[in-house]
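Mind the numbering: the sequence shown is residues 75 to 185 in our numbering, read in order. All residues carry an ideal CB built from backbone N, CA and C; glycine is no exception.
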Amino acid sequence: VWVKDSVAAVMPPPSVREGEPGHRSQVLSRSAAKSVAAGVAGAALTNPLDVVRNEMFKTEEAVAPTVRRLWKLEGAGFMFRGMQRNLIAVAAPIGMTIFLTDTIVEYSRRR
């Protein structure tokens, strides 16, 4: 939510006034951009946790030993392992959820 709100703060407001043709399209475009940014940020920030969790399942180690082992073997690179797949698997559903929520809230507000 913080990322979505931060992106919204730096985006220009719709240039078309509410009720005029094109306003709804601009609002939806802004919502899509905010949602994509939030989804990508969420996926990127949680990726290291996913890597650690998966390693814990494979090795049955606790969190701290798993992180130490990964850091020793791979350095900081372990945090980015599988990021491409995670961006698709996590960012898309998060972004879609945020976009649909924004759209429903906007629709409800106008009724």
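> What residue from W76, D124, A112 and V110 has the CA that sits closest to N160's CA?
Replying inline: Measuring C-alpha to C-alpha distances from N160 to each of W76, D124, A112 and V110 identifies D124 as the nearest.
> How would you call A117, buried or exposed, if buried means at least 16 neighbouring beta carbons within 10 angstroms?
Replying inline: buried
>> Is the separation between the beta-carbon of I178 and that of A112 shorter than 7 angstroms?
In response: No.
> Does DSSP classify P86 as helix, strand or coil?
Replying inline: DSSP places P86 outside both helix and strand once states are collapsed to three, so it counts as coil.
> What did DSSP end up calling A136 once you bin it into helix, strand or coil?
Replying inline: coil
> What three-state label does DSSP hand P122 in the structure shown?
Replying inline: helix
> If you compare alpha carbons, which of S99, P122, M85 and D79 is closest to P155?
Replying inline: For clarity, residue 155 is Arg in the given sequence; the question names Pro instead. Here the closest residue by C-alpha is P122.
> For A106 versus V77, is the C-beta distance shorter than 7 angstroms?
Replying inline: Using a Cβ distance threshold of 7 angstroms, A106 and V77 do not count as a contacting pair.
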